[in-house]
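To start, the structure itself, in C-alpha cells.
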Amino acid sequence: MSTDPAPPEGVVGEHALRADAHRRWEEAVLPTLVRYATIPCLSPDFDEDWEAHGHLAEAASLLHGWASDRAVDGLRADVVGAPRRTPLLLVDAPPTAGAGGTVLVYGHLDKQPPLGEWREGLGPYTPKREGDRLYGRGTGDDGYALFAAVTAVELLDGAGIPRPRVIVLVEASEESGSPDLPAHLADVGDRLGSPDLVVCLDSGCLTYDRLWLTSSLRGNLIATVTVQVLTEGVHSGSAGGIVPTSFRLLRTLLDRLEDPHTGEVRLASLHAEVPGPATGAPPDWEAAEVFPIVPGLELDGASDRDRLTRRAWAPAMAVTGMDGIPAVRDGGNVLRPFTTAKISLRLPPTVDASKARDAVESVLLADPPSGACVRVHFDALGTGWAAPPLEQWVDAAFTRASEELFGAAPGVLGEGGSIPFLAMLGDRYPGVPLVATGVLGPGSNAHGPNEFLHLPMAEAVTVATARLVQAAGARASGPPR
Ligand SMILES: [Zn+2]
3 MSTDPAPPEG
13 VVGEHALRAD
23 AHRRWEEAVL
33 PTLVRYATIP
43 CLSPDFDEDW
53 EAHGHLAEAA
63 SLLHGWASDR
73 AVDGLRADVV
83 GAPRRTPLLL
93 VDAPPTAGAG
103 GTVLVYGHLD
113 KQPPLGEWRE
123 GLGPYTPKRE
133 GDRLYGRGTG
143 DDGYALFAAV
153 TAVELLDGAG
163 IPRPRVIVLV
173 EASEESGSPD
183 LPAHLADVGD
193 RLGSPDLVVC
203 LDSGCLTYDR
213 LWLTSSLRGN
223 LIATVTVQVL
233 TEGVHSGSAG
243 GIVPTSFRLL
253 RTLLDRLEDP
263 HTGEVRLASL
273 HAEVPGPATG
283 APPDWEAAEV
293 FPIVPGLELD
303 GASDRDRLTR
313 RAWAPAMAVT
323 GMDGIPAVRD
333 GGNVLRPFTT
343 AKISLRLPPT
353 VDASKARDAV
363 ESVLLADPPS
373 GACVRVHFDA
383 LGTGWAAPPL
393 EQWVDAAFTR
403 ASEELFGAAP
413 GVLGEGGSIP
423 FLAMLGDRYP
433 GVPLVATGVL
443 GPGSNAHGPN
453 EFLHLPMAEA
463 VTVATARLVQ
473 AAGARASGPP
483 R
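This is the structure we're talking about:
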C-alpha cells in the first residue's frame, strides 16, 4: 500500500507527473541529449568560423528533429535563420482545447569551449553517465532546456491537464552575450505574442534538494588593456633598470581598479546598495564539491553568508587572458615591448554597464604611468538584472512545485553570473512575470572542465515548468480579475 500523503487540493496527479518525467527523460530525452553533447557547437565568440564549421546548425537541426517528433497536437518547430546570424529554434505548442494564455520558455544551445583538462575518462564531447550525472559540455548549460520545456508540455497533455500555448525559444548566441537575439526577437516577435509568463531555464541552484528561484544576476564588462613601452623587444641586460617594463606598468593600472591585497574593486560607481543579506543556508564554500580549491586556500569574504552576498552583489575582477608574454619555455632575456591583459569585471545587478565602462575607461586612460602608451578596448557589455517581486500566483505555483517534488520550500538565489537575455526580455515585456531557474548547482561546473547535468534536478525542473505552465493556464482561463 502506498504511504504517500494525499495530494494538496487542486494538484492533479503530482506523483504521476514526477514518475512520468523520469520515464520520459530516460527513454525519450537522454538518447538525443547524449548526441547533442557530442557536438562542439561553440558560441560564436569561441569559434570564429562557426558558420563554416556548421556545428551550431547541426545542433539546431538535431534539437529541431527531436521536438518535431513529439506527439503533441499541432506542435510546430522551426529553425529561424538569417545570413551571418546564429540559428534560433522555435517550438510552438498550441493550447489544449478551451485553454487560454501563453508561456514563453527560454533556453540556449550554444556552448562554452572545453576550458582546461577534463578528468580522466571524461571529455567535453564524449558524454558519459555516472549515476545521477550526465557529463559533457553543454549538458547542463543549457542543452537540457529544450528537452525540459517540451517534456513539460508532454507531461501535462499526458495527464489530461489543460494548458495554455507554450512557446520554447532556444537561441545560439547566449554564451557570446546574445548578440543575435535582438534581431531574432524583432523578426519573430509577432509570433511570440504577449506572454503571460516567461520561464528562463538557464540559471542555477545552490543545492539539489529543492527548487531555486533566481532573484538577481550580475552584469559583465570585458575589457582588453594594453601597455606598450617599446616598438620592439630589446636585451633586458641593456634596457633593464632604464626602460620601465610593461608588466609592472600594467600592474599599477590594474591596481587602480582593484586593491591587490584584498581584491576589493576600488571604483565607487561599480558598487551598488545591497538589498539585504542573502537568504537560505549558505554553502560551505571550502567544501571540495563547491569549488576545486587547493588545500589551505583562504577564500575572500568574511563568512559563508557574506560570500553568498558578495557573489550576487559585489563587483569582482579577473584577468582571463594575456598577450605579449611568451610561454615560460620560450621566455628569453628580453624586455618585451608590450603586455596586454583581458579583464572580466562582474558588476552588481543594478549597475548600468555602460556607465561602468565609462568609469573604467577614464580610470585606465588617465595619467598613463611613466608616460607609457595605454590602449583600452571593450568587448561585451552586459547590464545585470534584479528580479521584480514575483506575482503571488507565480510564487504560489513555484512554491507548490518545490514542496511537491522535494517536500521543501524553494530557495531564492542571487546568481553571480550573467544572462543578458533577461534584461532584454524585461525590457520587451515589462510587467510580465519572469521565473529564472535551473540545474547548475554544486560541482556542475558550467564553463569549466567536467561539466555535468544533474539528472534528478533536470527532471524536477521539468515538472516545475509543467506546474508553472499549468498555473498560467488556470489564471488565463479563470474568472476575470
Ligand atoms: Zn547558459
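For reference, each letter of the sequence shown is one residue, going 3 to 483 in this note's numbering.
C-beta: ideal position from N, C-alpha, C; glycine also.
{"Check": "Helix, strand or coil for R20, going by three-state DSSP, please let me know.", "Outcome": "helix"}
{"Check": "Skipping 5 residues on each side, what residues in its chain have a beta carbon closer than 7 Å to that of A474?", "Outcome": "G103, V105, P166, D198 and L199"}
{"Check": "Considering E132, what are the terminal residues of the beta strand (DSSP E) in which it resides?", "Outcome": "K130 to E132"}
{"Check": "Please tell me whether, using a cut-off of 7 Å, the distance from the CB of E176 to the nearest non-hydrogen atom of ligand 1 is below it.", "Outcome": "yes"}
{"Check": "Give a single yes or no on whether H110 has its beta carbon closer than 7 Å to a heavy atom of ligand 1.", "Outcome": "yes"}
{"Check": "Could you compute how far the alpha carbon of A101 sits from the alpha carbon of E156?", "Outcome": "16 Å"}
{"Check": "Measuring alpha carbon to alpha carbon, tell me which of R86, V434 and L310 ends up nearest G413.", "Outcome": "L310"}
{"Check": "Mapping DSSP to helix, strand and coil, what is Q114?", "Outcome": "coil"}
{"Check": "Regarding D49 and ligand 2, is the C-beta to nearest heavy atom distance less than 7 Å?", "Outcome": "Questions concerning ligand 2 fall outside what the structure shown contains, since the ligands it does hold are ligand 1."}
{"Check": "Going by DSSP in three states, E275 sits in which element: helix, strand or coil?", "Outcome": "coil"}
{"Check": "Output the boundary residues of the beta strand (DSSP E) element that contains E363.", "Outcome": "E363 -> not in any beta strand (DSSP E); alpha helix (DSSP H) instead, spanning A355 to L367."}
{"Check": "Please tell me whether D211 and A358 are closer than 8 Å, where the distance is taken between their beta carbons.", "Outcome": "no"}
{"Check": "Closer than 8 Å is the cut-off here; do at least three beta carbon pairs connect the region 221-233 with the region 456-470?", "Outcome": "no"}
{"Check": "Just checking, does the region 375-382 make contact with the region 37-44 on the three C-beta pairs under 8 Å criterion?", "Outcome": "no"}
{"Check": "Note down the Cα distance separating P370 from T254, rounded to an integer number of angstroms.", "Outcome": "10 Å"}
{"Check": "Once the 5 residues before and after H273 are set aside, which same chain residues still bring their CB inside 8 Å of it?", "Outcome": "V267, A316, P317, P350 and V353"}
{"Check": "If we ignore side chains and look at the alpha-carbon of each, how far apart do P89 and L111 end up?", "Outcome": "9 Å"}
{"Check": "Looking only at its own chain, which residues have a Cβ that is under 6 Å from the Cβ of N447, when we skip the five neighbours before and after it?", "Outcome": "E453"}
{"Check": "Whole angstroms is fine: what's the gap from P10's alpha carbon to M426's?", "Outcome": "Here P10 scores only 44 on pLDDT, less than 50, and its place in the model is too uncertain to base an answer on."}
{"Check": "Who pairs with H237 in a beta bridge, going by DSSP?", "Outcome": "V336"}
{"Check": "Of the choices P339, A161, D429 and W395, whose alpha-carbon is the least far from that of G20?", "Outcome": "Position check: residue 20 holds Arg in this sequence, whereas Gly was assumed. Nearest of P339, A161, D429 and W395 to R20, Cα basis: A161."}
{"Check": "Just the Cα atoms here: how many angstroms apart are T153 and V471?", "Outcome": "12 Å"}
{"Check": "Of all the alpha helix (DSSP H) runs that stay within the bounds of the region 143-183, which reach a length of 4 or more residues?", "Outcome": "146-160"}
{"Check": "The alpha helix (DSSP H) that contains P517, what's its start and end?", "Outcome": "As displayed, the chain neither begins before 3 nor continues past 483, which places residue 517 out of reach and without an answer."}
{"Check": "Hey, Y108 and L171 are a contact pair by Cβ (cut 8 Å); roughly how many whole angstroms apart?", "Outcome": "5 Å"}
{"Check": "Between T342 and M324, how many whole angstroms is the CB-CB distance? I'm expecting something under 8 Å.", "Outcome": "6 Å"}
{"Check": "I'd like to confirm the pairing. Which residues does DSSP put opposite G413 in its beta bridges?", "Outcome": "W214"}
{"Check": "Can you look up W68 in the DSSP assignment and give me helix, strand or coil?", "Outcome": "helix"}
{"Check": "Can you give me the C-alpha to C-alpha distance between A95 and P181, rounded to a whole angstrom?", "Outcome": "27 Å"}
{"Check": "By how many angstroms is the C-alpha of S196 removed from the C-alpha of Y431?", "Outcome": "8 Å"}
{"Check": "Label Q394 either buried or exposed according to how many other C-beta atoms from any shown protein chain fall within 10 Å of its C-beta, with 16 as the threshold for buried.", "Outcome": "exposed"}
{"Check": "Does D381 come out as helix, strand or coil in the three-state DSSP assignment?", "Outcome": "strand"}
{"Check": "For G445, collect the residues of the same chain with a Cβ closer than 6 Å to its Cβ; drop the 5 residues on either side in sequence, then sort them by chain order.", "Outcome": "E291"}
{"Check": "Measure from the alpha carbon of A99 to the alpha carbon of each residue in V74, G265 and D397, then state which is nearest.", "Outcome": "V74"}
{"Check": "In angstroms with no decimal places, state the Cα-to-Cα distance between A8 and D308.", "Outcome": "Caution is warranted here: a pLDDT of 45 is assigned to A8, below 50, making its placement in the model unreliable, and no coordinate value can be reported."}
{"Check": "Alpha carbon to alpha carbon, how far is D360 from I327?", "Outcome": "28 Å"}
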